[in-house]
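Mapping of the sequence shown onto the numbering used here: residues 986 to 1309, in sequence order.
Here's the structure we're looking at; comments come further down.
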Amino acid sequence: MSNILVTGGAGYIGSHTVHQLTQRGHQVTVLDDLSTGFRDAVPEPQLHICSLFDTEQVTHLLQRLQIDAVVHFAAFIAVGESTQEPERYFTNNVAGSLSLFSAMAAAGVKKLVFSSTAAVYGNPLSTPIPETAPIAPVNPYGETKATVERTLEWLDRCRGLRSVRLRYFNACGANEAAGLSERHVPETHLIPLLMKAVVTGQPVTIFGTDYPTPDGTCIRDYIHVDDLAKAHIAAIDHLLSGGPSEVFNVGTGRGFSVREVLAAVEQVTGRPVPHVFGPRRDGDPAELVADSSKLRARLGWNPDHSTLHQIVASAWPSQQRRWA
Ligand SMILES: NC(=O)c1ccc[n+]([C@@H]2O[C@H](COP(=O)([O-])OP(=O)(O)OC[C@H]3O[C@@H](n4cnc5c(N)ncnc54)[C@H](O)[C@@H]3O)[C@@H](O)[C@H]2O)c1
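Okay, structure coming up:
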């Protein structure tokens, strides 16, 4: 059992990971400013409402709780918003992370799991994408994550900070039994938006039908949030047992088109998804699918909640309540 600090633990992926870490017997504390997270996503005694930017308070918390490792989710995550407000994204995601890393240095905490993203690859040359593919983000959000990744490589060399950088593909699904769900505001993710259309009757827009894919719509790798959480457990175990810094893709290795996801939502809900077709969005690659063989081989990770049916079925009860 270890003492783990989870930044952004009141958010979507963070809260699912806090749940699994706690179930594994770890002593988990959440640091979150609730800018996009929810107070009720975390058991009250575990939550410390605090910003990444409060270096002094974060240092004090790390020391007082004798934290062994940090899992760092806290960030702004909307790609479109990042192109409209790049300064705000660089400030929160990069400067906020630097404040955390300074606090960790002051407190002598040397293990970190970092939430990175497939967006660091930009428009990949080919898929499935291995971790060795070029880092070439095409929006400020992806650039903030690539910058923190590079910072972590230097902190490994200069400070002995061991980190696991996890590049998530499309997080989705929910843990209904644990009372956890996805509720980003504004919502930008496909499955909640398809379900919103089912519940409200207001059509959802499908962006682009002329991509070079079998049915013309974008293909993405959908990974259940509980499988993502499981990757963090494996990463923490790796670091706590003295493992070196690593970078891993987290995805299933199988892609689904927007039309396939829409069909799965219709099948699970038993209702049509009202939709209209719109033009392509800038910066949306045709296909993003992970080569996750490294994570499977090195950490023995395997997704077991991530068939499309499992994902959609797990999301439906909470999304149905959310949009009613
Ligand atoms: N959702 C996805 O599909 C996806 C894909 C790739 C990577 N990621 C990364 O995973 C992480 C979590 O994403 P999510 O979907 O759970 O987002 P989320 O918005 O639900 O969670 C982010 C949490 O961080 C907190 N936060 C933000 N800035 C903070 C600050 N300065 N100080 C303290 N707390 C702060 C928010 O209040 C929120 O609780 C992010 O780093 C994101 O970039 C997400």
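Where is the CB? At the ideal position from N, CA and C, for every residue including glycine.
Problem - Backbone CA spacing between A1298 and G1093 [nearest angstrom] - result: 43 Å
Practice task
Return the residue from the list A1060, H1169, T992 that minimises the CA-CA distance to L1097.
Solution key: T992
Practice task
Ignore the nearest five residues each way along the sequence and tell me which others in A1091's own chain have a CB closer than 6 Å to its CB.
Solution key: T1044
Practice task
Over the uninterrupted beta strand (DSSP E) stretch that includes C1143, give me the two end residues.
Solution key: Taken as a continuous stretch (DSSP letters only), C1143 belongs to no beta strand (DSSP E), being part of the alpha helix (DSSP H) at 1125-1144.
Practice task
Evaluate G1264 with the Cβ neighbour count: other Cβ atoms within 10 Å of its Cβ, from every protein chain shown; 16 or more gives buried, anything less gives exposed.
Solution key: The displayed chain sequence assigns Pro, not Gly, to residue 1264. Exposed: under 16 other Cβ atoms inside 10 Å.
Handout entry: Any non-hydrogen atom of ligand 1 closer than 7 Å to L1146 Cβ
Key = Not a single heavy atom of ligand 1 lies less than 7 Å from the C-beta of L1146.
Practice task
Classify H1260 as helix, strand or coil using the three-state DSSP reduction.
Solution key: strand
Practice task
Check the C-beta distance from D1217 over to P1288 and give it rounded, since I have them as a contact under 8 Å.
Solution key: The amino acid at residue 1217 is misidentified as Asp; the sequence shows His. So it is not a contact: roughly 13 Å between Cβ atoms.
Problem - C-beta atoms of P1125 and P1171 nearer than 8 Å - result: no
Handout entry: Length-filtered (3 minimum) beta strand (DSSP E) runs lying within the region 1166-1235
Key = With a minimum length of 3 residues, the continuous beta strand (DSSP E) runs that stay inside the region 1166-1235 are 1189-1192, 1207-1209, 1231-1235.
Handout entry: Inter-residue Cα distance where the pair is T1002 and L1213
Key = 8 Å
Exercise for the section: Per DSSP, which residues does K1096 bridge with? Please list them. Expected result: R1147
Practice task
Taking all protein chains shown into account, decide if W1139 is buried (16 or more other Cβ within 10 angstroms of its Cβ) or exposed.
Solution key: exposed
Practice task
Could you work out which residue in A1159, L1247, A1103 is closest to K1130 when comparing CA atoms only?
Solution key: When each option's Cα is compared against that of K1130, the closest is A1103.
Handout entry: G999 Cβ short of 7 Å to ligand 1 heavy atom set
Key = The answer is yes for G999.
Handout entry: Three-state secondary structure (DSSP) of S1000
Key = helix
Exercise for the section: Out of E1245, K1279, Y1074, state which residue places its alpha-carbon closest to the alpha-carbon of F1233. Expected result: K1279
Exercise for the section: Measure the C-alpha to C-alpha separation of M1180 and R1049 and round it to an integer number of angstroms. Expected result: Note on geometry: alpha-carbon atoms of M1180 and R1049 lie some 44 Å from one another.
Handout entry: the region 1104-1114 touching the region 1181-1194, judged by at least three CB pairs closer than 8 Å
Key = no
Practice task
Could you say which of R1150, L1293, L1151 lies nearest to D1206 if we only look at CA atoms?
Solution key: L1293
Practice task
With L1247 as the anchor, note down where its alpha helix (DSSP H) starts and where it stops.
Solution key: Counted as a single uninterrupted DSSP element, the alpha helix (DSSP H) harbouring L1247 occupies residues 1243-1254.
Handout entry: Cβ neighbours of L1019 in the same chain (closer than 8 Å, five flanking residues each side left out)
Key = A995, I1034
Handout entry: Among E1128, L1178, I989, nearest to A1309 - alpha-carbon criterion
Key = L1178
Problem - CA nearest to the CA of G1236, picked from L1016, P1115, V1013 - result: Comparing alpha-carbon positions, the option among L1016, P1115, V1013 lying closest to G1236 turns out to be P1115.
Problem - Near ligand 2: L1165 beta-carbon under 7 Å from a heavy atom - result: This structure lacks ligand 2; its bound ligands are ligand 1.
Problem - Under 8 Å between C-beta atoms of A1300 and T1198 - result: Not closer than 8 Å, so no.
Handout entry: Residues of its chain near I1204, where Cβ-Cβ distance is below 6 Å and the 5 sequence neighbours each way are ignored
Key = T1198, G1240, S1242, E1272
Practice task
Look at I989 and I1221 and say whether their C-beta atoms are less than 8 Å apart.
Solution key: yes
Practice task
Give me the Cα-Cα distance between V1056 and P1229, rounded to the nearest whole angstrom.
Solution key: 16 Å
Exercise for the section: Output the boundary residues of the alpha helix (DSSP H) element that contains H1045. Expected result: 1040-1049
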